Each structure stands twice: as structure tokens, then as C-alpha cells.
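Novice: Letter 267 of the sequence shown, counting from 1, is numbered 273 in this note's numbering, and no numbers are missing. Note that the Cβ used here is the ideal one computed from N, Cα and C, for glycine as well. Remember, predicted model here, so these are calculated numbers, not experimental data.
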Amino acid sequence: MGAAMRRIQAGSALSAFGLGFTVPYLYVYVAQVRDLGATTAGSVLAVFAMAALAVLPFSGRAVDRRGPVPVLLVAAVLAALGALGMGLSGSVATVVGSAALLGAGTAVMQPALATMIVWCSDPVGRTRSFAMQFFLQNLGLGVGGLIGGQLVDESRPGSFLLLFSIEAAMFLVLAGIVLTVRMPGSPALQGARPAASKGGGVRALLGHKAMVQLCVLGFVLFFACYGQFESGLAAYGTEAAGIEPSTLGIALAANTAVIVVAQFVVLRFVERRRRSRVIAAVGLIWTVAWVIAGYAGLGHGSQTMATAAFVSTYALFGLGEAMLSPTVAPLVADLAPEAMVGQYNSAFALVKQLALAVGPAVGGPMGAALHGPYIVTFVLFSLGITFLALRLGKQLTPAQDQPSLAATSRVVAQHVPEKQTAAA
Numbered sequence: 007m008g009a010a011m012r013r014i015q016a017g018s019a020l021s022a023f024g025l026g027f028t029v030p031y032l033y034v035y036v037a038q039v040r041d042l043g044a045t046t047a048g049s050v051l052a053v054f055a056m057a058a059l060a061v062l063p064f065s066g067r068a069v070d071r072r073g074p075v076p077v078l079l080v081a082a083v084l085a086a087l088g089a090l091g092m093g094l095s096g097s098v099a100t101v102v103g104s105a106a107l108l109g110a111g112t113a114v115m116q117p118a119l120a121t122m123i124v125w126c127s128d129p130v131g132r133t134r135s136f137a138m139q140f141f142l143q144n145l146g147l148g149v150g151g152l153i154g155g156q157l158v159d160e161s162r163p164g165s166f167l168l169l170f171s172i173e174a175a176m177f178l179v180l181a182g183i184v185l186t187v188r189m190p191g192s193p194a195l196q197g198a199r200p201a202a203s204k205g206g207g208v209r210a211l212l213g214h215k216a217m218v219q220l221c222v223l224g225f226v227l228f229f230a231c232y233g234q235f236e237s238g239l240a241a242y243g244t245e246a247a248g249i250e251p252s253t254l255g256i257a258l259a260a261n262t263a264v265i266v267v268a269q270f271v272v273l274r275f276v277e278r279r280r281r282s283r284v285i286a287a288v289g290l291i292w293t294v295a296w297v298i299a300g301y302a303g304l305g306h307g308s309q310t311m312a313t314a315a316f317v318s319t320y321a322l323f324g325l326g327e328a329m330l331s332p333t334v335a336p337l338v339a340d341l342a343p344e345a346m347v348g349q350y351n352s353a354f355a356l357v358k359q360l361a362l363a364v365g366p367a368v369g370g371p372m373g374a375a376l377h378g379p380y381i382v383t384f385v386l387f388s389l390g391i392t393f394l395a396l397r398l399g400k401q402l403t404p405a406q407d408q409p410s411l412a413a414t415s416r417v418v419a420q421h422v423p424e425k426q427t428a429a430a
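#1: Extract the residue ranges of the beta strand (DSSP E) inside the stretch 272-354, only unbroken runs of 3 or more that lie entirely within it.
#2: Need the endpoints of the alpha helix (DSSP H) that K400 sits in, please.
#3: Relative to the alpha-carbon of R283, which residue among Q408, G370, K358 has its alpha-carbon at the smallest distance?
#4: Report yes or no: do the stretch 68-83 and the stretch 110-120 share at least 3 C-beta pairs separated by less than 8 angstroms?
#5: Helix, strand or coil for R162 per DSSP?
#6: Apart from the five residues just before and just after R188, which ones in its own chain have a Cβ nearer than 7 angstroms to its Cβ?
#7: What residue range does the alpha helix (DSSP H) around E245 cover?
#8: Where does T186 land, buried or exposed, given buried means 16+ other C-beta within 10 angstroms?
#9: For the alpha helix (DSSP H) that V39 lies in, which residues bound it at each end?
#10: Select from L376, G24, A315, K358 the residue whose C-alpha is nearest the C-alpha of G155.
#11: Please list, in chain order, all residues of the same chain as F141 whose beta carbon is under 6 angstroms from its beta carbon, the five residues on each side excluded.
#12: H377 by DSSP, collapsed to three states: which one?
#13: Excluding five sequence neighbours on each side, which residues of the same chain lie with their C-beta closer than 8 angstroms to the C-beta of L169?
#14: In or out: G255 buried (at least 16 other Cβ within 10 Å) or exposed?
#15: Output needed for I165: all residues of its chain with C-beta closer than 8 angstroms, excluding positions within five of it in sequence on either side, in chain order.
#16: Return the Cβ separation of A137 and A286 in integer angstroms, given the expectation that the two are a contact with Cβ distance under 8 angstroms.
#17: Let me confirm a value: A99 is counted as buried when at least 16 other C-beta atoms fall within 10 Å, else exposed. Which label applies?
#18: Below 7 angstroms CB to CB, which residues in the same chain sit around V61 once its five sequence neighbours on both sides are set aside?
#19: Report the CB separation of L180 from A82 in whole angstroms; it is logged as a contact under 8 angstroms.
#20: Determine the DSSP secondary structure at L25, reduced to helix, strand or coil.
#21: Would you call the CB atoms of Y320 and A260 closer than 8 angstroms?
#22: Please classify K400 as buried or exposed, where buried requires at least 16 neighbouring CB atoms within 10 angstroms.
#23: To the nearest angstrom, how far is it from the Cα of F316 to the Cα of A257?
#24: Relative to the C-alpha of L167, which residue among G91, W125, A241 is closest?
#25: Quick check on R188: does DSSP put it in helix, strand or coil?
#26: Quick check: T133 and P332, are their CB atoms within less than 8 angstroms of each other?
#27: The alpha helix (DSSP H) with Q234 in it runs from where to where?
#28: Using only the alpha-carbon positions, how far apart do L389 and G373 sit?
#29: Judging by CA-CA distance, which residue of I291, A314, F393, I14 is the nearest neighbour of W125?
#30: Measuring alpha carbon to alpha carbon, tell me which of L322, M56, A299 ends up nearest A312.
#31: Going straight from the alpha carbon of L147 to that of D340, what length do you get?
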């Protein structure tokens, strides 16, 4: 890993660490500490998500035109202002405005960071680089949430100001680190990427069949997993399985622990296999996870068994996430024309954001009231992941589906002429 990549990864981890300090406590802070009520707290979370949806369609073109570094610097400063404003806010208007800045800034960071990773890696090393980013971000979020939980005190608003100030400082540290990174050009995946059409932009992206299929697959992935973690699945666990609220924290901790422990073991498995088949396998793993969740809430077993099954569901989701991190993001980059890497990354980030917005809206009420249909629905969605992944595989070139094979063939091709010359 080069010096530039190490700095990008460090900055990414520190920004995740800052987010971990505040995201779990945002609702409680607005509703109870600032005494603005549950309705305002819900509005703040909605504004946070809507701001991301508003800026992502424009951020990709800015990344491609100006480069990822200037865009990331602006995003980090906006996020820092939003975090600090949130800590100082005492009225509905200032809290909502701060949430908009924070949501917009953090949303733009992800495609900008992804583009920086693409520019600083080759197609083979990219798999490991995105796996490392996912690992460090989860570690940062987990450690940040753990430390934040020790510092926060609902009876002292000043403790929340400390959390938001630390978050703002982490974003500014990210900006400082990014300023020291010397960016190379964007290395193309020769023979695998399409040429950008003259129209460019959305028209070119929508005309790229493999990318459109990957976006559809991405929506289903995020809708069926991340979109259910803290909404539908949590509601199902407490209502159908009788899970204690404290057990939800244990389940989320098990999810993070599996990601941290399994990431690099899984990486060795993923690097030697087709990306489309790895994603298809994730669909099957998540199908098993939902079946186990069904047992937890509908199996009429002991409470201990139901709790163990519920925690196991989150753990299996973590295994699937560890398999996806070195697979999906590098594939987005390898599909993109060289001049549109930022736009492709932003488009996929927008799809993810939409899934995270729709997922809780659909899954929350179902998980709370329609227990059987909820499980059946998401078992079918998980099987749909497998189907869509195998279908996507037919649209990919060998280099896109398994870059390690392309690298091997290039090495062989480079050495054949040397042997022929020596024989002559």
C-alpha cells in the first residue's frame, strides 16, 4: 500500500470514528436533550437523508471535472460546520439547517473517497483497498460509538456539544490529511471499460447495461440488509421474538465483530473468485439469515434460543457485508469510463441512499405488525440478490468479473515475447 493510499484510509477511518460519536445519539439529542420533541427529531433524520439525496446527483460530475480532492475538502468543511452547528443548536430551524449541512457533507465524502481509492490503485489491488476501507470504517464507527456512549450524559447538554465538536474535528483532520495526498492519474482497466459517450452524464450511465443492472442489484442489497438493521429487523425482534432492547446492541456488536474478524480471511476467498458469484453467495447467506430470524420470532422455542438465533442473524449479515466490501465498490469503478469514475461512484451512492430511505419506511411497519409476511418478503429479496448477481455476471468481461485472472494473463503475455526472443 502506497503512502497516498495509507493517508486516504487513515482519513476515512477518522471520519467514520467521528460519525460513530454522534449518529447513534442524534434522535435522543434532538428529542430529549434539546427538548424539541419526537416530531422534530424525526424531521432532522429525514432532512439528513434528503440532503444526501439532493447533492449526490451533482457531486459525481464535480468530482470528474475538478478532481476528488477539492470536492472532498468542501464536503469535509460543510460536514464539520453541520456537526458543530448541531452541537450548538437550540431551535428547530438551526437543528434542521445543521442536519442538512451534515447530511450533504457526509454523503459527498463517500464517492469522493471512493474515486481517490480508484485513482491510487490498480484493478487488482483495488479489491484489497476497498476491503481495507470497509474494515477501518466499521472499526472507526464501532470505537467511536463505544467511546461516545461513555462520554454522553442526557442530563448534561455540554456532553453532546463535546461529541459534536469531536466529530467536527475529525472531519477537519480528514481535510488536512487529504491536502497532503498527491493524486496520480486514473488507471484504466484496459479492454474492459466502455468509452464515454459524447453526451456523457446520466445518458451514458443509463445506456450502460451492466451498470444499470449493478444499480438495481445494489438497491436490493441495501434495501434487504442495511435498510432493515435499525428499523424493520429491530421492530420484528422486539415485537415477534421478544428481544430485549439491550440485546439489539449485542446483535449490532456481533455484526461488527464478524466484519472485523472475518474481513481479511474472506478477502483471500473473494480475490480468487468471480465477483458475480461472490455476490450470489451473499444472497444465499442472507437467505439463511432471514430463515433464522423467522425461527427466532415464529419458531415458538425458548427465549434463549430466540435470542441466540436473532444475534446469529446479525452475525450472518456481517459475513455477507465482509464479502461485499471488496466486491461491489471495485466493480463500480471497473465499469466506469475513465472520465466518469466520480459520476458512477455518485450514482451508486445515490442508489444506496434511496434504499436506506425506502427500507425503513417499508420494513418498519411490516416488522412490527406483519411478522410472517415480513420474513417471507426478505427471504425472497435475498434470493433475488442471487438471481440478479448471476444475471449481472453475463454482462461482465472476464477482467471485470475476476481482475486477478486478467492480471495473470497480462503477466504471461508480457513474458512470452521475452522467451521467444531468448530462443531466437
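Specialist: The relevant details are as follows:
#1: Counting whole runs of 3 or more residues, the stretch 272-354 contains no beta strand (DSSP E) stretch at all.
#2: Along the sequence shown, one-based indexing puts residue 400 at 394. Looking at the DSSP string, K400 is not in any alpha helix (DSSP H), and its letter there is neither H nor E.
#3: The residue given as residue 283 occupies position 277 in the sequence shown. Closest by alpha carbon: Q408.
#4: Result yes; three or more Cβ-Cβ pairs closer than 8 angstroms.
#5: The sequence position of residue 162 within the sequence shown is 156, counting from 1. Coil.
#6: Position 182 of the sequence shown, counted from the first residue, corresponds to residue 188. By the criterion of a C-beta distance shorter than 7 angstroms, R188 is surrounded in its chain by A10, once the five residues flanking it on both sides are discounted.
#7: For the purposes of this step, residue 245 is identified with residue 239 of the sequence shown, where counting begins at 1. Element bounds for E245: 238-245.
#8: Your numbering for residue 186 matches position 180 in the sequence shown. Per the 10 Å Cβ criterion, exposed.
#9: As a first step, residue 39 must be located in the sequence shown, where it is residue number 33. Run containing V39: none; DSSP gives neither H nor E here.
#10: Your numbering for residue 155 matches position 149 in the sequence shown. Comparing Cα positions, the closest option is G24.
#11: For the purposes of this step, residue 141 is taken as residue 135 along the sequence shown, with counting starting at 1. If we look at F141 and ignore the five residues flanking it on each side, its Cβ neighbours are Q269.
#12: Here residue 377 is taken as the residue at index 371 of the sequence shown, counted from 1. H377: helix per DSSP, three-state reduction.
#13: As a working note, residue 169 is residue 163 in the sequence shown. Once the five neighbours on either side are set aside, the close Cβ partners of L169 are F27, T28, Y31, G93, G154, L157, V158.
#14: For the purposes of this step, residue 255 is taken as the residue at position 249 of the sequence shown. G255 should be labelled exposed.
#15: Against the sequence shown, residue 165 aligns to sequence position 159. The amino acid occupying residue 165 in the given sequence is Ser; Ile does not appear at that position. Closer than 8 angstroms at Cβ, skipping near neighbours: L157, V158, D159.
#16: Stepping through the sequence shown from its first residue, residue 137 is reached at position 131. Stepping through the sequence shown from its first residue, residue 286 is reached at position 280. Actually they are not in contact, since the Cβ atoms of A137 and A286 sit about 19 angstroms apart, beyond 8 angstroms.
#17: The residue given as residue 99 occupies position 93 in the sequence shown. Counting Cβ neighbours within 10 Å, A99 comes out exposed, since fewer than 16 surround it.
#18: On the sequence shown, position 55 is the one that residue 61 refers to. Cβ-Cβ distances below 7 angstroms link V61 to A110, A113, V114 in the same chain, with the five nearest sequence neighbours on each side left out; the list follows chain order.
#19: For this step, residue 180 is matched to residue 174 along the sequence shown. For this step, residue 82 is matched to residue 76 along the sequence shown. Yes, L180 and A82 are in contact; Cβ-Cβ is about 5 angstroms, under 8 angstroms.
#20: As a first step, residue 25 must be located in the sequence shown, where it is residue number 19. Helix at L25.
#21: The residue given as residue 320 occupies position 314 in the sequence shown. The residue given as residue 260 occupies position 254 in the sequence shown. Yes, these two residues count as a Cβ contact at 8 angstroms.
#22: Along the sequence shown, read from residue 1 onward, the residue named residue 400 stands at position 394. So K400 counts as exposed.
#23: Here residue 316 is taken as the residue at index 310 of the sequence shown, counted from 1. Here residue 257 is taken as the residue at index 251 of the sequence shown, counted from 1. One alpha carbon belongs to F316, the other to A257, and they sit about 7 angstroms apart.
#24: Taking the sequence shown and counting its residues from 1, the one referred to as residue 167 is at position 161. Out of G91, W125, A241, G91 has the C-alpha closest to the C-alpha of L167.
#25: Residue mapping note: residue 188 aligns to position 182 of the sequence shown, counting from 1. For R188, the secondary structure class from DSSP, reduced to helix, strand or coil, is coil.
#26: Locating residue 133 in the sequence shown gives position 127, where the first residue counts as 1. Locating residue 332 in the sequence shown gives position 326, where the first residue counts as 1. The Cβ atoms of T133 and P332 sit closer than 8 angstroms to each other.
#27: What you label residue 234 is simply residue 228 of the sequence shown in a count that begins at 1. Taken as a continuous stretch (DSSP letters only), Q234 belongs to no alpha helix (DSSP H), as it is neither H nor E.
#28: Along the sequence shown, one-based indexing puts residue 389 at 383. Along the sequence shown, one-based indexing puts residue 373 at 367. Spanning the two alpha carbons is a distance of roughly 19 angstroms.
#29: Stepping through the sequence shown from its first residue, residue 125 is reached at position 119. When each option's Cα is compared against that of W125, the closest is I14.
#30: For the purposes of this step, residue 312 is identified with residue 306 of the sequence shown, where counting begins at 1. Ranking the options by Cα distance to A312, first place goes to A299.
#31: Here residue 147 refers to the residue found at position 141 of the sequence shown. Here residue 340 refers to the residue found at position 334 of the sequence shown. Going from the Cα of L147 to the Cα of D340 covers about 28 angstroms.
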